[in-house]
Amino acid sequence: MSVELLDVRHSRAVDRYVLAHPRGTPFHETRWLDLVKSTSGFEPRTLVAWSGREVRGVLPLALVAAPITGRRLVSVPYGVYGGILASDAEAIGALDEAAHLLARNTHVRYMELRYLGAPPTSHPSVTAYETYRRELPDAPEGVLAMIPRKARAEVRKARERLALEFVHGPQLLDGFYTLYCLNKRSLGSPVFRKSHFQRMLDLYGNRALLHGVAANGELLAAVLSLASGQVIYPYYSGARPDAGRLGVNNAMYASLMEDAVVRGYRLFDFGRSRVGSGPASFKQHMGFEPTALHYQFDFPYGGKPSSLSPSNPKMAIPQQVLSRLPMWMARLVGPMLMRHVP
3 MSVELLDVRH SRAVDRYVLA HPRGTPFHET RWLDLVKSTS GFEPRTLVAW SGREVRGVLP
63 LALVAAPITG RRLVSVPYGV YGGILASDAE AIGALDEAAH LLARNTHVRY MELRYLGAPP
123 TSHPSVTAYE TYRRELPDAP EGVLAMIPRK ARAEVRKARE RLALEFVHGP QLLDGFYTLY
183 CLNKRSLGSP VFRKSHFQRM LDLYGNRALL HGVAANGELL AAVLSLASGQ VIYPYYSGAR
243 PDAGRLGVNN AMYASLMEDA VVRGYRLFDF GRSRVGSGPA SFKQHMGFEP TALHYQFDFP
303 YGGKPSSLSP SNPKMAIPQQ VLSRLPMWMA RLVGPMLMRH VP
């Protein structure tokens, strides 16, 4: 067995392996790091374990370099899942050893591996995030039944009161981006450029899905999802400021689950949320149970990672500043800040 940095000529073979692996996600695919590179310039350093011409394991990595937070390897930037995918223990060990050596040779402060499920290696873990995944019913009519009573009532009221229309298609991109920026600014969080989402649609093709709910021709909420196998991952979203009060978000995600059943998806991955956060409460309100995410860290020279998460008290002032910026400035400054919180 040998472990090598990915040669782009082998990208298709690696992606076939990822798609066939039971723990493979869209974030493990080579196109995700293509997206990361086009958005932030971070260089892919994906490791591939080979046995002859057979792929035995993959570890997608990107070298992140930012003035404030320094150099680190991340699997994967802007993704909620990552880490080693392998066929057996030998491949796991070979990839882990090669990754540690890569971390030393690239002089990074640490390497972060964002696992879905139990990590296969023994590096220190942090469990600040939870993920929310649930099997979908066999028929779209079963979606409302799986939503708890209070949230189900909110879905019905929103649909009836606002005469909501469920819409989809790439033509929603402009409206989606406006709502996304409104939400991020209200939270004091930086935003991507619109080109990030256009590139995502281009790279994933018909596996990148834009959906939303509208009333009287106005888009009230929208979500950009990725699909892989039988799993759908609603990933980026935006909504009008009064959407929560009106139950619009409840209705949108209920409609998205119904549409996912029609399209043949069997699992709805609601994504990660920080423990105790508002998004975590919303997902539980919709009937999803949390599962802890284990993010591992390898420190080739010792130390610990800095925390630029929203829960860090040091972030309170920057969040307040971002939340008060005019929209044009938030769109200008946000992409530069995103380089520091991948």
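All letters in the sequence shown, in the order written, are residues 3 to 344 by our numbering.
Note that beta-carbon positions come from the ideal geometry of N, C-alpha and C, so glycine has one too.
Treat the numbers as computed from the prediction; the structure is a model and nothing was measured.
Compute the beta-carbon to beta-carbon distance between residue i and residue j, rounded to the nearest angstrom, for a pair I have assumed lies under 8 Å.
i	j	result
Pro-236	Val-225	5 Å
Ser-239	Tyr-182	7 Å
Met-113	Ala-105	5 Å
Leu-21	Ser-77	No, Leu-21 and Ser-77 are not in contact; Cβ-Cβ is about 17 Å, not under 8 Å.
Pro-192	Leu-49	About 29 Å; that fails the 8 Å criterion.
Glu-260	Val-145	5 Å
Phe-194	Pro-337	6 Å
Ala-241	Asn-185	6 Å
Between which residues of its own chain and residue i is the CB-CB distance below 8 Å, once the five residues before and five after are set aside?
i	result
Ala-88	Ala-51, Arg-58, Gly-59, Val-60, Ile-94, Leu-97 and Pro-122
Glu-167	Val-215, Ala-216 and Ala-217
Tyr-297	Glu-114, Leu-115, Arg-116, Tyr-117, Ser-127, Val-128, Thr-129, Ala-130 and Tyr-131
Glu-291	Tyr-134 and Arg-136
Leu-269	Arg-135, Arg-136, Glu-137, Leu-138, Gln-232, Val-233 and Ile-234
Ala-262	Leu-138, Ile-234 and Phe-270
In whole angstroms, give me the CA-to-CA distance for residue i and residue j.
i	j	result
Asp-271	Glu-45	28 Å
Arg-209	Ala-100	32 Å
Tyr-264	Pro-142	With the sequence shown as reference, residue 264 is identified as Val, and Tyr is not the correct amino acid for it. C-alpha separation (whole angstroms): 7 Å.
Gly-280	Gln-286	10 Å
His-12	Thr-32	10 Å
Pro-172	Ser-4	42 Å
Leu-103	Val-16	21 Å
Leu-334	Pro-320	15 Å
His-213	Tyr-267	15 Å
Ala-165	Leu-339	39 Å
Phe-284	Pro-79	25 Å
Arg-14	Leu-8	11 Å
Phe-301	Asn-107	13 Å
Asn-1	Arg-151	Nothing can be reported for residue 1, as the shown portion of the chain is limited to 3 through 344.
Gly-304	Phe-29	28 Å
Ala-332	Glu-92	47 Å
Gly-43	Arg-161	42 Å
Arg-2	Arg-25	The structure shown does not extend to residue 2, since the chain is modelled only from 3 through 344, so no value can be given for it.
Lys-196	His-170	18 Å
Glu-56	Phe-299	28 Å
Ser-53	Asp-176	46 Å
Met-329	Ala-282	27 Å
Gly-207	Arg-47	24 Å
Got a sec? Which residues, its chain only, sit under 7 Å from residue i by beta carbon, not counting five neighbours each side?
i	result
Ala-294	Thr-129 and Glu-132
Leu-310	The pLDDT assigned to Leu-310 is 48, lower than 50, so where the model puts this residue is not dependable, and the model offers no usable value.
His-23	Leu-87
Ile-149	Val-157, Ala-256, Met-288 and Gly-289
Beta-carbon within less than 6 Å of residue i's beta-carbon, same chain only, minus the 5 sequence neighbours each way: which residues are those?
i	result
Met-254	Val-215 and Ala-223
Thr-180	none
If the criterion is Cβ atoms closer than 8 Å, does the pair residue i and residue j meet it?
i	j	result
Val-157	Ala-256	yes
Lys-159	Gly-249	yes
Arg-198	Thr-27	The sequence as given places His at residue 198; Arg does not occur at that position. Contact: no.
Leu-203	Leu-174	no
His-125	Arg-73	no
Leu-35	Ala-64	yes
Leu-211	Ser-227	yes
Gly-278	Val-82	no
Ala-153	Gly-289	yes
Pro-69	Gly-84	no
Leu-327	Arg-163	no
Gln-322	Gly-190	yes
Leu-75	Arg-201	no
For residue i, would you say it is in contact with chain D, using Cβ-to-Cβ distances shorter than 8 Å as the test?
i	result
Arg-163	Although the question refers to chain D, the structure presented lacks it and comprises just one protein chain.
Is there at least one non-hydrogen atom of the ligand HEM closer than 7 Å to the beta-carbon of residue i?
i	result
Thr-123	As for the ligand HEM, it is missing from this structure, which has no ligand bound.
Counting only runs of 3+ residues fully inside the segment 130-171, write out the beta strand (DSSP E) ranges in chain order.
-> 131-137 and 167-170, all fully within the segment 130-171.
Can you list, in chain order, the stretches of the beta strand (DSSP E) that have 3 or more residues and sit fully within the segment 206-241?
-> The segment 206-241 contains these whole beta strand (DSSP E) runs: 210-217, 220-230 and 233-241.
Complete runs of the beta strand (DSSP E) confined to the segment 282-312 [at least 3 residues] = Whole beta strand (DSSP E) segments, 3+ residues: 292-294 and 296-300.
Can you give, in chain order, each stretch of the beta strand (DSSP E) that sits fully within the segment 42-76 and has at least 3 residues?
-> Taking 3 residues as the shortest admissible run, the segment 42-76 contains the following complete beta strand (DSSP E) segments, listed from N- to C-terminal end: 49-53, 56-61 and 64-68.
Along the chain, which unbroken stretches of the beta strand (DSSP E) at least 3 residues long are found entirely within the segment 74-126?
-> DSSP runs (the beta strand (DSSP E)) wholly in the segment 74-126: 112-117.
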